[in-house]
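Undergrad:
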Amino acid sequence: MTDFNKTILRLARKDYKCRCCHKWIKAGEHYIKEFGVCEGNWYQNKYHAKCGELVERVANYMQEPIDPGEAIELAKEHGIEV
Ligand SMILES: [Zn+2]
């Protein structure tokens with residue numbers, strides 16, 4: 020398997036859209052950058068720090084990769100604390 024992913028905490032130099040809650044990450048805020056390879060394709064996602072943690076918690080709970088845009092809904096469905 021060549022798939023891998025990595026998450027790092029970074030300081031936003033400009034506004035970015037969060038892949039989880041779809042709200043803006045403001046310049047000067049810390050955000051989580053996730054990047055890696057999935058099925059041979061490079062991808063990159065940016066999240067608010069707390070959204071990135073939620074995505075990870077939900078993915079761990081589901082024991083499979085999830086669509087970050089569905090993390091909040093999945094968390095509610097499965098009673099995971101948001
Ligand atoms: Zn967010």
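In terms of the working numbering, the sequence shown is numbered consecutively and its last residue is 101.
Note that the Cβ used here is the ideal one computed from N, Cα and C, for glycine as well.
1. If you check the beta carbons only, do K52 and R29 fall under 8 Å apart?
2. Starting from G55, follow the beta strand (DSSP E) in both directions and report where the run begins and ends.
3. Starting from R76 and walking both ways along the alpha helix (DSSP H), at which residues does that stretch end?
4. So L73 and M81 are supposed to be a Cβ contact under 8 Å. How far apart are they, rounded?
5. How big is the Cα-Cα spacing for F23 and C40?
6. Using only the heavy atoms of ligand 1, determine whether one of them is closer than 7 Å to the beta carbon of H49.
TA: Taking the structure as given:
1. In this structure, K52 lies near R29, with their beta-carbon atoms less than 8 Å apart.
2. Segment 49-57, the beta strand (DSSP E) holding G55.
3. 68-81 is the span of the alpha helix (DSSP H), which, as asked, contains R76.
4. 12 Å between Cβ atoms; not a contact.
5. So the alpha carbons of these two residues sit roughly 24 Å apart.
6. Look at H49: its beta carbon is at least 7 Å from all of the heavy atoms in ligand 1.
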